[in-house]
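Chemist: Residue numbers (our numbering), protein chains in the order written: chain A, 53 to 230; chain B, 43 to 312. In this text, a Cβ means the ideal position worked out from N, Cα and C, and glycines have one as well. Before we start, here is the structure in question, set down as structure tokens.
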Amino acid sequence: MRDRSVISSNVDVAAAISRSLAARRPGAPTGDEPRELYVRFERVVPAEASSPRPPAAEIGTWEAFLAWSLELTRAHAGFVVDSQGFVIASRGNTPKDGFEGIGAELCYAMDQLRRINPTGGELRLLELQFDANRLIGLRADAGAMGTILVGFQGTRSIGDDTRDTLLRQLGQVLPGLA
Amino acid sequence: MTHVISLVSSKGGCGKTTTALNLGVAFAERGRRVVVVDLDPQGAVGLALDRPDGEWPGLAEHVIEGRPVAGLVVETRLPGFCLLPRGRLDPVDTCSYEAFLHSSGKVREVVRELSAGRDYVLLDTPSGVGAISRAALAASDWALLPLQAEPLALRSIGQALRVIEHVSREENRDLRLLGILPTMVQVRDEASFNVLRTAWARLGGVLESVVPRAPVFLRASEAGLPVSFLAGRVTPEARRFEQIVIELETLIAESAGGGEVDERPQRDLL
Numbered sequence: 053m054r055d056r057s058v059i060s061s062n063v064d065v066a067a068a069i070s071r072s073l074a075a076r077r078p079g080a081p082t083g084d085e086p087r088e089l090y091v092r093f094e095r096v097v098p099a100e101a102s103s104p105r106p107p108a109a110e111i112g113t114w115e116a117f118l119a120w121s122l123e124l125t126r127a128h129a130g131f132v133v134d135s136q137g138f139v140i141a142s143r144g145n146t147p148k149d150g151f152e153g154i155g156a157e158l159c160y161a162m163d164q165l166r167r168i169n170p171t172g173g174e175l176r177l178l179e180l181q182f183d184a185n186r187l188i189g190l191r192a193d194a195g196a197m198g199t200i201l202v203g204f205q206g207t208r209s210i211g212d213d214t215r216d217t218l219l220r221q222l223g224q225v226l227p228g229l230a
Numbered sequence: 043m044t045h046v047i048s049l050v051s052s053k054g055g056c057g058k059t060t061t062a063l064n065l066g067v068a069f070a071e072r073g074r075r076v077v078v079v080d081l082d083p084q085g086a087v088g089l090a091l092d093r094p095d096g097e098w099p100g101l102a103e104h105v106i107e108g109r110p111v112a113g114l115v116v117e118t119r120l121p122g123f124c125l126l127p128r129g130r131l132d133p134v135d136t137c138s139y140e141a142f143l144h145s146s147g148k149v150r151e152v153v154r155e156l157s158a159g160r161d162y163v164l165l166d167t168p169s170g171v172g173a174i175s176r177a178a179l180a181a182s183d184w185a186l187l188p189l190q191a192e193p194l195a196l197r198s199i200g201q202a203l204r205v206i207e208h209v210s211r212e213e214n215r216d217l218r219l220l221g222i223l224p225t226m227v228q229v230r231d232e233a234s235f236n237v238l239r240t241a242w243a244r245l246g247g248v249l250e251s252v253v254p255r256a257p258v259f260l261r262a263s264e265a266g267l268p269v270s271f272l273a274g275r276v277t278p279e280a281r282r283f284e285q286i287v288i289e290l291e292t293l294i295a296e297s298a299g300g301g302e303v304d305e306r307p308q309r310d311l312l
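Listed below in structure tokens is the structure:
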């Protein structure tokens, strides 16, 4: 009996996705990127157009800073690493094992990578694109505390404007947080 | 190991909350330790149980006032079965609540805490595939999709599947599709039966168990009870969720490569 009541193309899409999901093993990649059926909102509206601008006085803790910066960057998670490589704050979709390993490795990597360009000064920003996600590290001076690294894990890059906004905000709030 | 299952759908009214509650009861009646978490800003779980809106403190009090989750869990008379209600959230704050749950990682934190000592955490999400559903999927091992056996639901299920696929690709690689559960099935209605046949023939992951559209569900809703708690003759529908639980546990065990699967050797009859 022919199904007269359902638009077939909608079912075709559902069929393809559901079969792929049903066959998938845990942790395995989900296969090729699906055909573009939709226009993505996140590609149309720049992050800066909706970025929050709370006054610096409102950010009194690292958690508050991360909450603000996660909204700005649209990252899935954020963390702060002190100069000793210890994670002192994290927020968002934290991995099961936390960010301790990632934070320490990112600190070390940025220390090493600055040697690529010895005349370039300090390495302030590192963006790494992995298969599963994007990792961003942002370093700032925290005076007597040494350097602070703020890390983000998500899928989006941060543009120059977002980077500058983050650094500017970090510079304003850091004396109170460090 | 605790299994976290999100019940999601792009279309409303497909039976997510009814399924979550009755599945939770069925799991508990099989000796499992279960909590149903009401992530719906509407407080659907409390409404389904005919509680006054805002009676119970719950997740909202944890989010807004910082009250410990453990003190907000509601124990029921069914051993092993408890609830984390929505809480006394002002409907005016729904937008802020949704945005917070999505961006804060709070759902994952709460799930982690509730998982201790439990076999299943069932997350009842609001209709649609918005912020809270995304947060739930990001914190879950499994997605279960109730599919109302009517054409509009079948036409829109691809949207929920798309979101599950995206979350499993970008945010939570442990997330898997547990199954698509046909609900409100009317086998004697041509359109409803067509949807069921199409789902079984075309979609992957459709469960063999179905939930029929039956008067007993209205009676249960009126009484504010799970179907198996109603007085009177034990209807087939009351046992329906037992069957669904068996199918789900079999799927979960098979995905892990074994576990407690009902098996028996071949026997001779004559």
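1) Determine the direct distance from the alpha carbon of A:Q221 to that of B:L186, and round the result to whole angstroms.
2) Considering Cα atoms alone, identify which of A:I140, A:N169 and A:I200 is closest to A:A192.
3) If you follow the beta strand (DSSP E) that A:R186 is in, where does it begin and where does it stop?
4) Using only alpha-carbon positions, find the residue among B:L194, B:N214 and B:Q190 that is nearest to B:A177.
5) Relative to the alpha-carbon of A:P147, which residue among A:R71, A:S72, A:V65 and A:Q205 has its alpha-carbon at the smallest distance?
6) Report the option in A:L124, A:I140, A:D183 and A:D149 whose CA atom is closest to the CA atom of A:E115.
7) How is the beta strand (DSSP E) around B:G55 delimited, first residue to last?
8) Quick check on B:V105: does DSSP put it in helix, strand or coil?
9) Take B:A191 and list the residues in its own chain whose beta-carbon comes closer than 6 Å to its own, dropping the five residues that flank it on each side.
10) In chain order, what residues of the same chain have a beta carbon less than 7 Å from the beta carbon of B:R74, not counting five sequence neighbours either side?
11) So that I know if they touch, is there some Cβ in chain A lying closer than 8 Å to that of B:E107?
12) For the region 179-200 of chain B, which residues have a beta carbon sitting closer than 7 Å to at least one beta carbon of chain A?
13) Within 7 Å: the Cβ of B:V276 and any heavy atom of the ligand COA?
14) Quick check on A:L180: buried or exposed, where buried means 16 or more other Cβ atoms within 10 Å of its Cβ?
15) Can you give the beta carbon distance from B:A241 to B:I222, rounded, assuming they're within the 8 Å contact cut?
16) Provide the residue(s) that pair with B:L126 in DSSP beta bridges, ordered along the chain.
17) Give me the DSSP bridge partner(s) of B:Q190.
18) For B:W242, does the three-state DSSP call read helix, strand or coil?
19) I need the straight-line Cα distance from B:T118 to B:L267, nearest angstrom please.
20) Quick check on B:G316: buried or exposed, where buried means 16 or more other Cβ atoms within 10 Å of its Cβ?
21) Does the count of Cβ pairs from the region 95-102 of chain B and the region 281-298 of chain B closer than 8 Å reach three?
22) Need the endpoints of the beta strand (DSSP E) that A:T199 sits in, please.
23) Our contact map puts A:I210 next to A:T125 with C-beta atoms below 8 Å; I'd like the distance itself, whole angstroms only.
Modeler: Taking the definition as stated:
1) In this model, B:L186 and A:Q221 are separated by some 42 Å (Cα to Cα).
2) For A:A192, the closest C-alpha among the options A:I140, A:N169 and A:I200 is that of A:I200.
3) A:R186 -> beta strand (DSSP E) spans R186 to D193.
4) In this structure, B:N214 is the residue among B:L194, B:N214 and B:Q190 with its C-alpha nearest to the C-alpha of B:A177.
5) It is A:Q205.
6) Minimum Cα distance to A:E115 is reached at A:I140.
7) Boundaries for B:G55: no beta strand (DSSP E) harbours it, and the DSSP string shows neither H nor E there.
8) Three-state DSSP puts B:V105 in a helix.
9) So the list reads P224, M226, V227, S234, V237 and L238, once near-sequence residues are dropped.
10) Hits under 7 Å: G122, D161 and Y162.
11) No - not a single Cβ of chain A is within 8 Å of the one on B:E107.
12) Listed by position along the chain: A180, P193, L196, R197, I199 and G200.
13) With respect to the ligand COA, the structure offers nothing, as it holds no ligand at all.
14) Per the 10 Å Cβ criterion, exposed.
15) Yes, B:A241 and B:I222 are in contact; Cβ-Cβ is about 7 Å, under 8 Å.
16) Paired residues: B:V79.
17) Listed as beta-bridge partners of B:Q190 by DSSP are B:T225.
18) Here B:W242 sits in helix by DSSP.
19) Put simply, the backbone Cα of B:T118 is about 12 Å away from that of B:L267.
20) No statement about residue 316 of chain B is possible, as the shown extent of chain B runs from 43 to 312 and does not include it.
21) Contact between the region 95-102 of chain B and the region 281-298 of chain B is absent, because fewer than three Cβ pairs lie under 8 Å.
22) In the DSSP annotation of this structure, the continuous segment of the beta strand (DSSP E) that includes A:T199 starts and ends at T199 to G206.
23) Indeed they touch by this definition, with Cβ atoms about 5 Å apart.
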